Amino acid sequence: MCGNEALAEAAIIAGCDAYFGYPITPQNEVPAYMARRMPQEGRVFVQSESELAAISMVFGASATGKRAMTSSSSPGISLMQEGISYLAGAELPAVVVNVMRGGPGLGNIAPSQADYFQATRGGGHGDYRTIVFGPSSVQELVDCMILAFDLADQYLMPVMVLADGILGQMMEPVVLEKKTSRELPAKDWALTGAKDRDQNIVRSLWLKEGALEAHNNKLQARYEQIQRDEVLCEQYEVDDAEIVVVAYGIAARIVRGAVTRARAEGIKVGWIRPITLWPFPTEEINKAADEFRIFLNVEMSSGQMVEDVKLAVAGKTPVAFHGRPGGGVPTVDEILDKIRQLTLRAKIPV
Amino acid sequence: MTGKDFYEEIVIAGFGGQGIMLAGKLLAQTAMRAGKEVTYMPSYGAEVRGGTANCMVVIADREIACPVVSKPDSLIVMNKASLNKFGPRLKNGGLLIMNSSLIDSKPELDDSIEVVAVPADELAVELGSHKSANMVAIGAYLQKREYLTPEDAAQALPETIARRYHKMLGVNIEALRKGGEFVRSCCGV
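Top to bottom, those sequences are chains H and E. Everything in the first sequence is counted per the working numbering, starting at 1 for the first residue and increasing by one. Everything in the second sequence is counted per the working numbering, starting at 1001 for the first residue and increasing by one.
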């Protein structure tokens, strides 16, 4: 299955009740698949008239206690930012998939990782966060989708799954099954008709003095808990490494190819691969920086996650960067060359 | 050609309408059925009939790192433009399967590269289906590489192509075999 179809089927397995979306390359297989499968399951599929409408439909469906999602690619996700901010403010669960393409503007349809800032910093207004996954294989994309629906319901917030054109289009064997099963809070806040109970109100507007500050403090407490409990990352041969490569998503697959070859050449190199981009594996990277090691950050952008890596390293050791913007995809050779150059620097601690 | 070190990176290229994506998917499906690790990556976007099309397949006996192939071990090209584009990227010691029906000149490549010229269009036309040239090429490739056989691909075909085309299964399976036979007879494999 291609990544786009696999993530769509994963949403169905996760119990997604409603999909709303507007077509855009390179994620068109998602709405196409959902258009066929959701009615078969007796669930809702709507091709909306715009991305703004799609995210607002997600808001509406979620407010009634149903599991809802949308998917798009970079320019479409920009259009959805208002709705995502409202979902965060109103404490509504939702899953938003961004199959990233080159930007800024309409950009191109090539794979990219240039929406890291937008995803992890909350591209909309206000003091909010979204949980962000950056899977690097079709199987992990499936697993993250299923987990995303659970986390959205548990923490009452939008969760983003950040893929890219390669991951969406490529095919890999996958096992489609629900592995996680969390105990989730009852949705007693949902708008289901106030028969025999008090009225529920879903809102993001808090005008009374101090009310919005209190609301924000509540959200922040939740975000702190997520940072403690929900970080996911993978480490490989970091213990004896003189160089640690940090990359996520499809860039991490290319890095894996380069690291394998570098190890074969006798270079002591390992990697740390964030699976959740927010919460970021700050502690794991900080700990790895206790020894003198050169960090190399590889991204398909001009350098976005590298800022989080630098914050995590906290000045303890140098952080180098290699990136390809605008839909460029780094090659294994390119990264291997960079690793070789850095080994020369690694011999002379600054 | 199997074992822990087996790691084969393949690029298949031609023009839109030659069944390039299907050839790649068939290879991936065949390898998956044989229990191998596999990735398939299509070129995507503005593909139309007559335009260029290519896909990348990686087949291995260990976890696959990168699905994007920059230097293939094997290259299957169905037209001249694809040979010009991807030929220089072939690894030394690699394998080139080229559709000699549409490529008249001998490619200028490193001596270490093995070149198998298969008249894929002619062989497919002999079977009565010019559209099956892609299958001839895959049959030839598998016969040459030997880690899987044209028969393995024939078995994977029904689950690779859409049900509405299943009436074409027979001729495509014949085309896979024909590619294999061609390699056996011409290259003494």
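Glycine included, C-beta positions come from ideal geometry on N, C-alpha and C. Please read all numbers here as calculations on a predicted model, not as lab measurements.
Fully contained in the region 182-264 of chain H are the following alpha helix (DSSP H) runs of length 4 or more, in chain order: 211-229 and 249-264. Excluding five sequence positions before and after H/Ser-301, the CB atoms of its chain that fall closer than 6 Å to its own CB belong to Gln-113, Ala-114, Gly-323 and Pro-325, given in chain order.
A check of alpha carbon separations from H/Thr-282 across H/Tyr-33, H/Asp-229 and H/Val-46 identifies H/Asp-229 as the nearest. Residue pairing for H/Gly-3: DSSP places it in no beta bridge. Counting of Cβ neighbours within 10 angstroms places E/Tyr-1044 among the buried residues, the total reaching 16 or more. Per the DSSP secondary-structure output, H/Ser-71 pairs in a beta bridge with H/Val-97. In the structure shown, H/Asp-164 falls within a strand segment according to DSSP collapsed to helix, strand and coil. Around E/Pro-1072, no beta-carbon contact reaches into chain H at under 9 Å, the shortest distance being about 12 Å.
When DSSP states are grouped into helix, strand and coil, E/Leu-1148 belongs to the coil group. Closest by C-alpha distance to E/Cys-1055, out of E/Val-1069, E/Ile-1064 and E/Leu-1157, is E/Val-1069. Within the region 1125-1157 of chain E, no residue places its CB atom closer than 8 Å to a CB of chain H. If you check each beta-carbon in the region 172-185 of chain H against every beta-carbon of chain E, the ones closer than 8 Å belong to Glu-172 and Pro-173. Taking a Cβ-Cβ cut-off of 7 Å, E/Ala-1013 has no neighbours in chain H, whose nearest Cβ is about 16 Å from it. When the alpha-carbon of H/Val-161 is set against those of H/Ala-11, H/Val-329, H/Glu-49 and H/Gly-105, the nearest one is in H/Ala-11.
Residues of chain H with a Cβ closer than 9 Å to the Cβ of E/Pro-1088 do not exist, since the nearest Cβ in that chain sits about 14 Å away. The bridge partners DSSP lists for E/Glu-1008 are E/Ile-1059. H/Val-142 is outside the set of residues whose beta carbon lies under 8 Å from a beta carbon in chain E.
For E/Ile-1097, the uninterrupted beta strand (DSSP E) run begins and ends at 1095-1099, by DSSP. Listed along chain E, no residue sits closer than 8 Å to H/Gly-102 by beta-carbon distance, the nearest being about 11 Å off.
For H/Thr-317, the three-state secondary structure derived from DSSP is coil. Contiguous alpha helix (DSSP H) elements confined to the region 90-146 of chain H occur at 116-120, taking only those with 4 or more residues.
For E/Ala-1060, same chain residues with a beta-carbon under 8 Å away, outside a window of 5 residues either side, are Phe-1006, Tyr-1007, Glu-1008, Lys-1036, Glu-1037 and Val-1038 in chain order. If you look at H/Tyr-33, you'll find it in the alpha helix (DSSP H) that goes 29-40. Under DSSP, H/Gln-47 forms a beta bridge with H/Gly-21. Judged by their CB atoms, E/Ala-1028 and H/Met-171 are nearer to each other than the 8 Å cut-off.
A Cβ-Cβ distance of about 4 Å is found for the pair E/Gly-1019 and E/Asn-1134, placing them in contact under the 8 Å criterion.
E/Met-1041 reaches chain H at Ile-166, Gln-169, Met-170 and Met-171, counting residues in chain order whose Cβ is nearer than 9 Å.
Interface criterion met: the Cβ of H/Gly-257 is under 8 Å from a Cβ in chain E. Taking C-beta atoms as the reference points, E/Pro-1072 and E/Gly-1093 fail to come closer than 8 Å.
Neighbours of H/Val-329 in chain E, taken as residues at a C-beta separation under 7 Å, are given in chain order as Val-1068.
Beyond the five residues adjoining it in sequence on each side, E/Leu-1022 comes within less than 6 Å, by CB distance, of no other residue in the same chain. Check the Cα spacing between H/Tyr-236 and each of H/Val-46, H/Arg-253, H/Asp-127 and H/Ser-71: the tightest is with H/Arg-253. Within chain E, the residues Ala-1065, Cys-1066 and Pro-1067 have their CB atoms less than 7 Å from the CB of H/Arg-253, given in chain order. Look at the beta carbons and you see the region 304-315 of chain H not touching the region 258-270 of chain H: under three pairs across the two are nearer than 8 Å. The continuous beta strand (DSSP E) containing E/Ser-1074 extends over residues 1074-1077.
Check the Cα spacing between E/Pro-1119 and each of E/Asp-1152, E/Ile-1064 and E/Gly-1139: the tightest is with E/Gly-1139.
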